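So the structure is just underneath, and the comments pick up after that.
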Amino acid sequence: MPRIRFHKLAAIVVLIGFAAWMATGEFSSVGSVAANKAKAAGAEQAKAPDAAKPKTAEAEPKAPLRTVAVVTPPRKTYARAIRISGLTEADKRAVLATRVAGVIDKLPVKQGDHVKTGDLVLMLAAEEKISMVDNAKQLVVQRQAELDAALRLMKTGNLPKLQLDTARSNLTSAQSQLETAQAELDRNEVKAPFDGVIDRVPVELGSSIMQGGEVATILKLDPVIARGEVSERDLGYLKLGDKATIRLVSGQTVEGTVRYISRDASSATRTFRVEVAVPNADGSVPAGMTAEIALSALPTDAVLLPRSVVTLGDKGDLGIRAVGKDNKVAFFPIDLVDDTPTGLVLGGIPADARIIVAGQELVKEGDEVKPVEADQATIQKLLGEATAGTQ
0 MPRIRFHKLA AIVVLIGFAA WMATGEFSSV GSVAANKAKA AGAEQAKAPD AAKPKTAEAE
60 PKAPLRTVAV VTPPRKTYAR AIRISGLTEA DKRAVLATRV AGVIDKLPVK QGDHVKTGDL
120 VLMLAAEEKI SMVDNAKQLV VQRQAELDAA LRLMKTGNLP KLQLDTARSN LTSAQSQLET
180 AQAELDRNEV KAPFDGVIDR VPVELGSSIM QGGEVATILK LDPVIARGEV SERDLGYLKL
240 GDKATIRLVS GQTVEGTVRY ISRDASSATR TFRVEVAVPN ADGSVPAGMT AEIALSALPT
300 DAVLLPRSVV TLGDKGDLGI RAVGKDNKVA FFPIDLVDDT PTGLVLGGIP ADARIIVAGQ
360 ELVKEGDEVK PVEADQATIQ KLLGEATAGT Q
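Counted the way numbering that gives the first Met the number 0 counts, the sequence shown spans residues 0 to 390.
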């Protein structure tokens, strides 16, 4: 047999040893022990800081309660003020017109004149009709004399009853003719239908006018009417006879009484017409002037507070924040009764409410707070405003 060389024998021995080591599987744990040890050490180090940290409840002290200033304002009885925009207008307005055509013979009025009911405003030329009236009057006088004579003869027995009836019939016919002639003459006249002032005269003396032509415009300005539209929300607060204050655009202020409240809303605006009658004997208030109408509604229990107290709730409605008996914040929606120069008159606030006057914007509903009474200066200010608002 040929001899095996040494290096080949050494290679075979190394191969057999490597195969035996592979068969044991020990190669898979190389580095595993070290990795496991490193993980264990890391876990112990992670536990050590957690154990060293204090609990949150023990580390962070409870936040102090927020301090707010509160006040219980005096309560008064206020009349709700409803302000609406409107204008003045005449109580009555009439455009006078002729009933027949003709030439203007008399025009005794001019613009600005005051007239009484039945005063002559215009008369058309009517010589023939005047003559017919005179003739009819004379005929009535004649027929009346004939009837008187027939009655005297009838009493003496010298006149048959049939002739007496004829005399009576003739008088009745003459009276009818007079009434007809007078009616024809009256159509040539235009008279004032009510007491008022002549506002416009578009015709001149001697001019010709057609039947139905405009002669004059007459206004009744005593009383003058302030008219406006009230919303359906405020309608229930008004009644006939309520007092109202009207401030004209000229700065003049007058008072009146509600005389009419419509029961049919406008289809476009859903508002109701309101009329206020204002005494105007001197005619100082003209028609057609812009006016602000302040209506006084039924009295209600309310308080007077500064405008700064009003805030917005979670739902976006206006109200005030107050502190309850448990020192928690509550929100109360308000009913705006009036807006005065000294503050807002608010309704809908409970009688025992402690209203937050400072710090209301820094808290919300349900928060527990530390309420303190407002300083004396603030209380005196509120008392002074309330007193001024009731004067």
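No residue lacks a Cβ here, since even glycine has one placed at the ideal position from N, Cα and C.
Remember, it's a predicted structure, so these values are computed and weren't measured experimentally.
- When DSSP states are grouped into helix, strand and coil, serine 207 belongs to the strand group.
- The shortest C-alpha to C-alpha distance from aspartate 263 to any of Tyr236, Glu228 and Gly287 is the one to Glu228.
- The region 144-201 is shown to contain whole beta strand (DSSP E) runs of 3 or more residues at 188-190 and 195-199, in chain order.
- Only exposed fits asparagine 134, as fewer than 16 other CB atoms lie within 10 angstroms of its CB.
- Sorting Leu234, Lys115, Val196 and Met122 by C-alpha distance to the C-alpha of asparagine 187 places Met122 at the top.
- CA-CA distance, serine 230 to lysine 238, rounds to 14 Å.
- Around tyrosine 259, the same chain offers Leu239, Arg272, Val273 and Glu274 as residues with beta carbons nearer than 8 Å, after the five sequence neighbours per side are excluded.
- As computed with DSSP, glycine 346 is found in a beta bridge with Asp334.
- Within the same chain, Cβ atoms closer than 7 Å to the Cβ of valine 200 are found at Val108, Lys109, Gln110 and Ala215, the five residues on either side in sequence being excluded.
- In the three-state reduction of the DSSP assignment, glycine 255 falls in the strand class.
- The three-state reading of DSSP puts valine 132 in helix, counting H, G and I together.
- When only Cα atoms are considered, arginine 98 and valine 202 end up about 15 Å apart.
- Counting every other CB atom within 10 Å of its CB across the protein chains shown gives glutamate 88 a total of 16 or more, marking it as buried.
- DSSP, reduced to helix, strand and coil, places alanine 80 within a strand of the structure shown.
- In the three-state reduction of the DSSP assignment, serine 266 falls in the coil class, being assigned neither a helical nor a strand state.
- For glutamate 213, the enclosing beta strand (DSSP E) covers residues 213-230.
- Bridge pairing for arginine 246: Thr252 and Glu291 [DSSP].
- Of the candidates Gly323, Gly347, Leu158 and Gly255, the residue whose Cα lies closest to the Cα of glutamate 367 is Gly323.
- The alpha-carbon of threonine 244 is positioned some 9 Å away from that of arginine 82.
- With a cutoff of 8 Å on beta-carbon distance, arginine 353 and valine 69 are scored as near each other.
- In this model, glutamine 359 and glycine 347 are separated by some 18 Å (Cα to Cα).
- By the neighbour-count criterion, in which a residue is buried when 16 or more other Cβ atoms sit within 10 angstroms of its Cβ, lysine 160 is exposed.
- Residue burial is scored here from C-beta neighbours: leucine 64 has fewer than 16 other C-beta atoms within 10 angstroms and is therefore classed as exposed.
- For threonine 171 and alanine 225, the gap between their C-alpha atoms comes out near 52 Å.
- Less than 8 Å separates the beta-carbon of leucine 138 from that of glutamine 176.
- When secondary structure is reduced to three states using DSSP, valine 13 falls in the helix class.
- Between the C-alpha atoms of serine 295 and tyrosine 236 there is a straight-line separation of about 9 Å.
- Taking leucine 158 as the centre and dropping the five residues before and after it, the same chain places the C-beta of Ala149 and Leu152 closer than 8 Å to its C-beta, in chain order.
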